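The numbering used here puts the sequence shown at residues 461 to 733.
Ideal placement from N, C-alpha and C gives every residue a C-beta, glycine not left out.
Computed from a prediction, not measured in an experiment: that's the story for all the values here.
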Amino acid sequence: MNYASLAPLGDILASVADQKRFALAYSGGLDSRFLAHAAHALGFSPLLLHVTGPHVPPEETAFARSWAESLSLEFREIPVNPLGLPSVAEGSRERCYACKKAMFTTLAAVSDLPLCDGTNASDALVFRPGLRAVRELGVASPLALAGLTKNDIHLLAEKTGMSLPQQKARPCLLTRLPYGVSPTEDALAAVAAGEHVVRRMLAEAGMPEADFRLRLVSKERPELHMLAADVGAMPPDLEQRLLQTVHAAMPGYPAPVLSAKATLSGFFDRPSA
Numbered sequence: 461m462n463y464a465s466l467a468p469l470g471d472i473l474a475s476v477a478d479q480k481r482f483a484l485a486y487s488g489g490l491d492s493r494f495l496a497h498a499a500h501a502l503g504f505s506p507l508l509l510h511v512t513g514p515h516v517p518p519e520e521t522a523f524a525r526s527w528a529e530s531l532s533l534e535f536r537e538i539p540v541n542p543l544g545l546p547s548v549a550e551g552s553r554e555r556c557y558a559c560k561k562a563m564f565t566t567l568a569a570v571s572d573l574p575l576c577d578g579t580n581a582s583d584a585l586v587f588r589p590g591l592r593a594v595r596e597l598g599v600a601s602p603l604a605l606a607g608l609t610k611n612d613i614h615l616l617a618e619k620t621g622m623s624l625p626q627q628k629a630r631p632c633l634l635t636r637l638p639y640g641v642s643p644t645e646d647a648l649a650a651v652a653a654g655e656h657v658v659r660r661m662l663a664e665a666g667m668p669e670a671d672f673r674l675r676l677v678s679k680e681r682p683e684l685h686m687l688a689a690d691v692g693a694m695p696p697d698l699e700q701r702l703l704q705t706v707h708a709a710m711p712g713y714p715a716p717v718l719s720a721k722a723t724l725s726g727f728f729d730r731p732s733a
C-alpha cells in the first residue's frame, strides 16, 4: 500500500509525538479511527483511550475495541460519567464543553504521552463548544493541523485501505436530548436501544448506509429523524415495522414518529428547533 498521501499528516504527528508515541482520544468514529489508522501506517504507536459511560452506546464500545484489536493497537477503556456535571445535568448549551473538559482532563491523566484527538478542519465551521475544552487543555488535533476536512478523511481512508471509509457520524447520546432537559441514564439507554434496533432493521432491509438520529424532541416525545432521500427509498412496509419495533425497545415512551430531514446534524442548535 502506498501511503505517500499521508506524508503531510505524518509531519504533523512527528512534531506532536517525536518519540513515535502518543495517546489518542478514540471514540471508534471515522476521525479518530482514521488518525489511528494513519499513525499506525506511518510507524507510530498510538495508545487508544476510549471513554465509556451512559452517553456511549455499548455497541459503539464493542466496535471500537474490535477495530483496535484488528490492528493490534493498544486499547484502554476509561470510564467517565458526565451526568453529574452541572452544565450537563441542566441540559445547558455548554453541556458539550463541560463533558469534553471532564473527559479530556481524565484522559490526560492516564499517561505521560502527548494527547491528541480527531478534530478535523470541518469542525471549526459548525457549533462545537467542546472544541474550546480541547484548546484550553492543550490537546493536539493533528487532522485539523494538517487542514484535513471530513471529505478529505473519507477519501484518504478509502485510498489507504481503511475499513468502512464512509462511516457515518455517531455523535454522543447527549445530543439526542434538547437543551434544558436533564439527561438520565434510563433515557440515554432507551435511545441507545432504539437506535440499535433502527440500525439492525435498516441493514436487514438493504439500507446499511442510511443515516438517522433517534431524538427525544421533548422529554416524552421520541422522533426518528432520517434524510428525506432515505425515507423515500424505504420499502413500503418498513416504516410501520420500524416504528413498532423501536417503540417496543423503549418501554415507557410513546411510539416514535418518523420525520424526514434535509440534514441531520445540529438539530437542537438551530434557532427554530
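Proximity below 8 Å, CB of residue i to CB of residue j
{"i": "M622", "j": "R493", "result": "yes"}
{"i": "I613", "j": "L531", "result": "no"}
{"i": "A700", "j": "E669", "result": "With the sequence shown as reference, residue 700 is identified as Gln, and Ala is not the correct amino acid for it. Taking 8 Å as the Cβ cut-off, Q700 and E669 do not qualify as a contacting pair."}
{"i": "H515", "j": "P546", "result": "no"}
{"i": "F587", "j": "D729", "result": "yes"}
{"i": "E655", "j": "P517", "result": "yes"}
Beta-carbon contacts of residue i that lie in its chain and below 7 Å, excluding the five residues immediately before and after
{"i": "R636", "result": "V651, R673, L674, R675, L676"}
{"i": "H707", "result": "A715, P716"}
{"i": "S732", "result": "Confidence at S732 is low in this model, with a pLDDT of 44, below 50, so its placement is unreliable and the value that follows should be read with caution. Nothing listed; no residue qualifies."}
{"i": "T705", "result": "V657, M661"}
{"i": "Y713", "result": "A650, E680, P682"}
{"i": "T609", "result": "N580, A581, S582"}
{"i": "T644", "result": "none"}
C-alpha gap between residue i and residue j, whole angstroms
{"i": "A665", "j": "N611", "result": "27 Å"}
{"i": "A709", "j": "S465", "result": "44 Å"}
{"i": "T566", "j": "Y557", "result": "14 Å"}
{"i": "D646", "j": "A722", "result": "30 Å"}
{"i": "D583", "j": "L615", "result": "17 Å"}
{"i": "N462", "j": "A522", "result": "30 Å"}
{"i": "L648", "j": "L702", "result": "19 Å"}
{"i": "C576", "j": "G607", "result": "15 Å"}
{"i": "A617", "j": "P506", "result": "17 Å"}
{"i": "G544", "j": "L591", "result": "21 Å"}
{"i": "C559", "j": "R595", "result": "14 Å"}
{"i": "P734", "j": "K628", "result": "With the chain covering only 461 through 733, there is no way to say anything about residue 734."}
{"i": "A653", "j": "S601", "result": "32 Å"}
{"i": "A663", "j": "P589", "result": "33 Å"}
{"i": "S403", "j": "E529", "result": "There is simply no residue 403 to check, as the chain begins at 461 and stops at 733 in what is shown."}
Other residues of its chain near residue i: CB distance less than 8 Å, five sequence neighbours each side excluded
{"i": "L603", "result": "L469, D491, F494, L495, G578, T579, N580, A581, I613"}
{"i": "S719", "result": "E683, L684, H685, M686"}
{"i": "A693", "result": "M667, A670"}
{"i": "W527", "result": "G488, R493, S623"}
{"i": "H497", "result": "L531, A617, T620, M622"}
{"i": "P711", "result": "A650"}
{"i": "A501", "result": "M461, Y463, L466, T620"}
Contacts around residue i, its chain only, beta-carbon distance under 6 Å, and the 5 residues preceding and following it disregarded
{"i": "K561", "result": "A593"}
{"i": "A477", "result": "P574"}
{"i": "R536", "result": "L509"}
{"i": "V599", "result": "F564, L575, D577"}
{"i": "R481", "result": "S505, L573"}
{"i": "L698", "result": "A665"}
{"i": "V511", "result": "I538, V540, M563"}
{"i": "A688", "result": "A720"}
{"i": "P632", "result": "Note on identity: in this sequence residue 632 is Cys, with Pro being the wrong assignment. The answer, listed in chain order, is H515."}
Which listed residue (the options) has its alpha carbon closest to that of residue i
{"i": "E605", "options": "Y463, A474, M461, N462", "result": "Checking the displayed sequence, the identity of residue 605 turns out to be Leu instead of Glu. Selected option, being the one with the closest Cα: A474."}
{"i": "G726", "options": "A499, K480, A600, Y639", "result": "Y639"}
{"i": "K679", "options": "H497, L702, T705, L634", "result": "L634"}
{"i": "C467", "options": "T620, A584, V599, V540", "result": "The residue asked about is misnamed: residue 467 is Ala in this sequence, not Cys. Per the Cα distances, T620."}
{"i": "G503", "options": "Q479, A663, P517", "result": "Q479"}
{"i": "L597", "options": "L608, D583, T609, M563", "result": "M563"}
{"i": "A499", "options": "P518, L533, P517, A522", "result": "L533"}
{"i": "L724", "options": "P696, P695, D690, P711", "result": "D690"}
{"i": "A568", "options": "P696, I538, P695", "result": "I538"}
Cβ of residue i within 8 Å of any chain D Cβ
{"i": "S475", "result": "No chain D is present in this structure, which holds just one protein chain."}
Rounded distance between the beta-carbons of residue j and residue i, thought under 8 Å
{"i": "E554", "j": "S642", "result": "Their Cβ separation, rounded to whole angstroms, is 14 Å, which puts E554 and S642 out of contact at 8 Å."}
{"i": "V570", "j": "A483", "result": "7 Å"}
{"i": "R630", "j": "E520", "result": "6 Å"}
{"i": "V540", "j": "G513", "result": "5 Å"}
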